[in-house]
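**Student:**
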Amino acid sequence: MGGWVGKVLDIDLTTQTYKTYALDSNIARLFVGGRGLGARLLWDLVGPDVDPLSTQNVLIFTTGPLTATGYQTSNRFSVSTKSPLTGTILDANAGGFWGMQFKKAGYDAMIIRGKASQPVWIEIKRDVITFHDATGLWGKRVFEVTDQLGQNNHRRNVLCIGPAGENLSRIASIMVDRQRALARGGPGAVMGSKNLKAIVVEGSEKPQIEDQERFKFMLYETRKLLAASPLTSQALPEFGTAVLVNIMNSIGALATRNHQQVQFEGAEAISGEELTEKYLVKNEACWACPIACTRVSRTEKVQGEGPEFETIWAFGAQCGIDDLAAIIEANTLCNDLGMDTISAGSTIACAMELSEKGYLDSDLRFGRADLLAPTLEQMAYRRDIGAELADGSLRLATKYGHPELSMSVKGLEMPAYDPRGMQGQGLLYATSNRGGCHMRGNMVGVEVLGIPKLIDRFQVQGKASFVILHQNVSAAIDSLVLCKFTNLGVAEEYFARVLSAVTGIHYATGDLIRVGERVWNLERLYNLREGFTEKDDTLPPRLLTEAPQEGPSQGWVVHLEPMLKEYYRARGWDEHGVPTPRKLAELELDDLN
Amino acid sequence: MVDPRIYEMFRDIGRDLYVANMISSHGGNMSVRLGDRIIIKRRGAMLGNLKPHDLVETGLEKNDSGVALASTELIVHRAIYKATPALAIIHCHPRAAIAFSLSRDEIVPIDNEASYLLKKVPVVTEEFASGTPEMANKVANALKDYKIIMLRGHGSFAIGQTLDEAFFWSTVLEEACQIALYAKIINEPFIEYRKMSDSYSKF
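Protein chains in written order, with the numbering used here: chain A, 1 to 593; chain B, 594 to 796.
#1: With respect to the alpha helix (DSSP H) encompassing alanine 681 of chain B, which residues constitute its N-terminal and C-terminal limits?
#2: Going by beta-carbon coordinates alone, are valine 201 of chain A and isoleucine 124 of chain A separated by less than 7 angstroms?
#3: Output the distance between the C-alpha atoms of glutamate 654 of chain B and aspartate 536 of chain A, rounded to the nearest integer angstrom.
#4: Would you kindly report the start and end of the unbroken beta strand (DSSP E) that includes asparagine 283 of chain A?
#5: Relative to the alpha-carbon of alanine 181 of chain A, which residue among A:Phe77, A:Phe215, A:Glu210 has its alpha-carbon at the smallest distance?
#6: What are the start and end residues of each continuous alpha helix (DSSP H) run of 4 or more residues lying completely inside the segment 473 to 525 of chain A, in chain order?
#7: Where do the ends of the beta strand (DSSP E) carrying alanine 39 of chain A lie?
#8: Is aspartate 133 of chain A helix, strand or coil by DSSP?
#9: Go ahead and label alanine 813 of chain B buried or exposed: buried means 16 or more other beta carbons lie within 10 angstroms of its beta carbon, across all protein chains shown.
#10: Measuring CB to CB, does tyrosine 417 of chain A end up less than 7 angstroms from glutamine 423 of chain A?
#11: Report the three-state DSSP secondary structure of proline 540 of chain A (helix, strand or coil).
#12: Return the residues of the segment 747 to 777 of chain B that lie within a Cβ-Cβ distance of less than 8 angstroms from chain A, sorted by chain order.
#13: In terms of residues, what are the limits of the alpha helix (DSSP H) holding isoleucine 312 of chain A?
#14: Under 8 angstroms by Cβ, that's how I've got threonine 347 of chain A and serine 393 of chain A pegged, so tell me the actual separation to the nearest angstrom.
#15: Strictly below 7 angstroms CB to CB, what residues from chain A border aspartate 629 of chain B?
#16: Mind checking threonine 63 of chain A: buried by the 16 CB within 10 Å criterion, or exposed?
#17: Quick one: which residues of the segment 405 to 435 of chain A get their C-beta closer than 8 angstroms to a C-beta of chain B? List them in chain order.
#18: DSSP three-state call for proline 715 of chain B: helix, strand or coil?
#19: From the DSSP output, which residues share a beta bridge with aspartate 12 of chain A?
#20: Can you give me the start and stop residues for the beta strand (DSSP E) that alanine 253 of chain A sits inside?
#21: Whole-angstrom Cβ separation of phenylalanine 264 of chain A and threonine 256 of chain A, contact assumed at under 8 angstroms?
#22: Under the three-state reduction of DSSP, which class applies to asparagine 152 of chain A: helix, strand or coil?
#23: So is glutamate 388 of chain A buried or exposed if we call it buried at 16+ other beta carbons inside 10 Å?
#24: Kindly confirm or deny that the segment 157 to 175 of chain A and the segment 185 to 204 of chain A touch, where touching means at least three C-beta pairs closer than 8 angstroms.
#25: Give the DSSP bridge partners of leucine 648 of chain B, in chain order.
#26: Using only the alpha-carbon positions, how far apart do isoleucine 614 of chain A and methionine 443 of chain A sit?
#27: Using 7 angstroms as the limit for Cβ to Cβ distance, is threonine 677 of chain B near chain A?
#28: Going by the beta-carbon positions, is the gap between glycine 454 of chain A and asparagine 521 of chain A smaller than 7 angstroms?
#29: For arginine 156 of chain A, I'd like the list of residues in its chain whose CB is within less than 6 angstroms of its CB, leaving aside the five on either flank, ordered along the chain.
#30: How would you call serine 696 of chain B, buried or exposed, if buried means at least 16 neighbouring beta carbons within 10 angstroms?
#31: Comparing C-alpha positions only, which one of A:Gly114, A:Phe131, A:Met175 sits nearest to glycine 99 of chain A?
#32: Using beta carbons (cut-off 7 angstroms, strictly below), is leucine 680 of chain B in contact with chain A?
#33: I need the DSSP call for glutamine 56 of chain A, collapsed to helix, strand or coil.
#34: Rounded to a whole number of angstroms, what is the C-alpha to C-alpha distance between isoleucine 199 of chain A and serine 173 of chain A?
#35: Check whether the Cβ of leucine 469 of chain A lies closer than 7 angstroms to any Cβ atom in chain B.
#36: Taking Cβ positions only, does glutamine 234 of chain A come closer than 7 angstroms to chain B?
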């Protein structure tokens with residue numbers, strides 16, 4: 001079988017020992033890799049009795065069968081764990097180079113268990129695994145650690161945590177290749193709880209490809225399609241993901257001031273056009289990626305990668321801030337501290353609203369760009385007001401008696417797309433297995449951009465089917481693991497064909513999407529086992545009751561209830577959102593119950 | 594009750610199919626999937642002139658009274674939805690494509706757009722080429738790997754997330770076949786302009 005290496009690395013930090021064993025080929029076939037493989041392994045390893053920040057939780061790093069093959073964007077990898085922020089199953093994936101390097105080191109997956117007695121970092125050079133003392137690195141920030149451990153994009157890659165992870169902030173990220181992030185849900189805190197500062201990899205082994213001729217054909221056709229799509233060949237390279245600021249604002253779906261409005265009067269000043277014109281230094285690309293959407297931006301104070309659309313929104317519109325330089329600086333600071341920018345920005349926005357309404361005693365107010373950087377510093381080190389914000393908006397708002405002001409789903413802060421202007425996006429957030437997230441499927445394609453074709457964004461009937469399809473496709477892409485931007489120009493049928501060419505196993509398009517459906521249902525089972533119920537499939541009350549008073553989404557709230565009913569039925573779940581035995585058997589998941 | 598937005602989609606695309614010469618007055622059919630329900634054209638209704646009452650709702654798996662009114666091809670639509678991720682299906686009778694299906698087991702386009710988008714369209718054969726379980730299975734199986742296929746001598750089945758998308762594949766195929774037909778009439782040596790086009794038949 002091509003694609004998979006067929007090997008799992010299993011590390012116990014408590015004893016500082018490791019072993020390797022064969023990847024179960026049936027699990028590989030059913031769950032493919034990345035998010036799917038991580039979820040399947042986590043199901044067996046971490047049960048409902050495990051506190052996410054205890055030694056019993058694990059970190060599972062996974063690649064997919066396409067990783068390091070050279071197929072477009074085959075650079076990504078994934079981490080799975082139980083989230084310390086939400087208590088749900090969590091996966092996060094990142095691009096760059098580390099994932100490619102890890103696969104070339106000869107592994108499909110790595111499980112990290114236990115807790116080191118002192119800070120350590122791990123070095124992986126193919127079969128040689130070394131545990132190093134990290135006492136001297138503990139307390140240092142991400143950029144310094146990454147440089148010190150010898151980051152070299154094509155030869156030696158560093159993944160590490162910053163102060164936020166060390167201080168167990170529940171919104172801490174794991175940083176990769178200096179400025180890429182396994183960001184959401186707090187995986188950095190899990191790494192910090194294990195006294196693990198960094199993992200460095202070097203590899204040289206190329207994955208086997210079963211049908212080279214067919215693979216080359218798909219590579220060529222994918223290149224053509226990415227070049228033909230204006231999104232992947234022009235919009236993303238020219239403006240980065242920030243191209244969405246003006247688009248979302250113009251349709252009344254750019255959440256503003258903690259979702260109190262859906263349009264931001266300062267959008268133009270924080271747009272992709274403004275970023276490109278005033279702050280862009282150059283574009284960069286992940287390994288094997290022709291899109292090159294990465295921005296390198298510079299202000300008078302900093303130079304760094306990003307910011308992405310969601311970050312610009314989180315520190316911008318969501319906080320009522322139109323100072324793009326301050327946003328760029330906040331982004332770079334978050335990367336250096338190792339903190340999720342979406343959760344950090346939205347938590348600050350929540351604190352701003354709490355403060356403006358007199359529930360929280362702080363200087364934070366919408367528009368206070370000058371307070372972004374100091375507040376982020378305080379959060380990462382749990383100092384002063386930062387101690388209140390370090391664990392996300394839901395814990396903060398609950399402490400001050402107003403959980404309804406946390407713009408989160410299942411405790412994870414939602415991203416920029418205000419679902420009152422995109423009904424399907426509302427259902428998507430409410431049902432997302434890792435909480436409020438746009439990477440578990442995103443309706444911006446069909447509801448806004450017209451990919452593959454435009455549907456009415458306010459339509460309610462029938463939306464569930466679209467949401468389900470996009471959730472399944474998203475889970476499949478995350479299991480391959482590829483970048484979702486390729487899907488803006490290349491349809492799933494190409495991914496199925498390239499997977500078939502690489503592995504030698506025939507996957508029809510529907511088979512690949514079925515992998516995604518299987519992963520989605522497994523994640524649902526995991527969350528149900530953790531005690532989540534249909535009551536958690538909801539949105540902040542503001543989105544269900546407060547309609548925008550003006551603009552293109554005027555008068556709309558999210559009509560969640562009818563969509564949710566349709567969703568459960570269409571998923572083959574019962575009326576309480578529990579997968580039926582028939583559905584589980586159909587997905588070959590019946591052995592899990 | 595069917596959302597008026599869904600009806601408008603059926604009405605507009607039905608009209609376009611007729612105007613584009615892709616169906617006869619009462620030929621062809623289309624449907625969308627809403628979870629475990631299907632909305633499909635009523636049997637005998639004219640796609641080019643659909644009224645709200647021409648849309649019938651029935652179950653994807655289970656029969657209900659809707660089946661008494663549904664298109665004769667309901668069985669095929671159900672099989673396709675069960676076998677593929679499709680959310681919309683269009684069956685029509687594109688004339689040039691039907692002509693090519695009479696002599697080929699696959700249609701490999703020579704024009705740029707269809708080469709880009711389709712690469713290859715398989716042709717499947719079924720003696721009773723309308724509304725039988727055998728035909729339903731053959732069509733559904735072929736659509737597992739392709740977004741549009743031809744039933745020999747009968748017509749095309751195209752799938753997509755929306756009717757719009759399935760309509761797009763249908764017109765791309767017909768346009769490709771008309772261009773191929775013109776090229777045959779011109780009957781001059783073909784100048785290959787596409788790299789790796791010899792791989793299309795392996796798509």
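Glycine included, every Cβ here is placed at the ideal spot set by N, Cα and C.
Nothing here was measured: the structure is a model prediction, and the numbers come from that model.
**Tutor:** Let's see:
#1: Looking at the DSSP string, alanine 681 of chain B is not in any alpha helix (DSSP H); the run it does join, the beta strand (DSSP E), is 681 to 685.
#2: Closer than 7 angstroms, so yes.
#3: 30 angstroms
#4: 280 to 284
#5: A:Phe77
#6: Every unbroken stretch of the alpha helix (DSSP H) spanning 4 or more residues and falling wholly within the segment 473 to 525 of chain A is given here in chain order: 492 to 503.
#7: Note, alanine 39 of chain A: premise wrong, no beta strand (DSSP E); alpha helix (DSSP H) at 34 to 45.
#8: strand
#9: The structure shown does not extend to residue 813 of chain B, since chain B is modelled only from 594 to 796, so the question has no answer here.
#10: Not a contact, by the Cβ cut-off of 7 angstroms.
#11: Proline 540 of chain A sits in coil when the DSSP states are folded into three classes, being neither helix nor strand.
#12: Gly753, Gln754, Thr755, Asp757, Glu758, Phe761
#13: Run containing isoleucine 312 of chain A: 309 to 315, per the alpha helix (DSSP H) assignment.
#14: 4 angstroms
#15: Arg569, Ala570
#16: buried
#17: none
#18: strand
#19: A:Thr17, A:Arg113
#20: Per DSSP, alanine 253 of chain A belongs to no beta strand (DSSP E) and is neither H nor E.
#21: 4 angstroms
#22: It is a strand residue.
#23: buried
#24: yes
#25: B:Lys634
#26: Nothing can be reported for residue 614 of chain A: it is not among the residues displayed for chain A, which extend from 1 to 593.
#27: Yes, because at least one Cβ of chain A sits closer than 7 angstroms to the Cβ of threonine 677 of chain B.
#28: According to the sequence as given, residue 454 of chain A is leucine; it is not glycine. No, the pair does not count as a contact, with Cβ atoms beyond the cut-off.
#29: Taken in chain order, the residues that qualify are Gly150, Glu202.
#30: With fewer than 16 other CB atoms across the displayed protein chains lying within 10 angstroms of its CB, serine 696 of chain B is exposed.
#31: A:Met175
#32: yes
#33: coil
#34: 14 angstroms
#35: yes
#36: no
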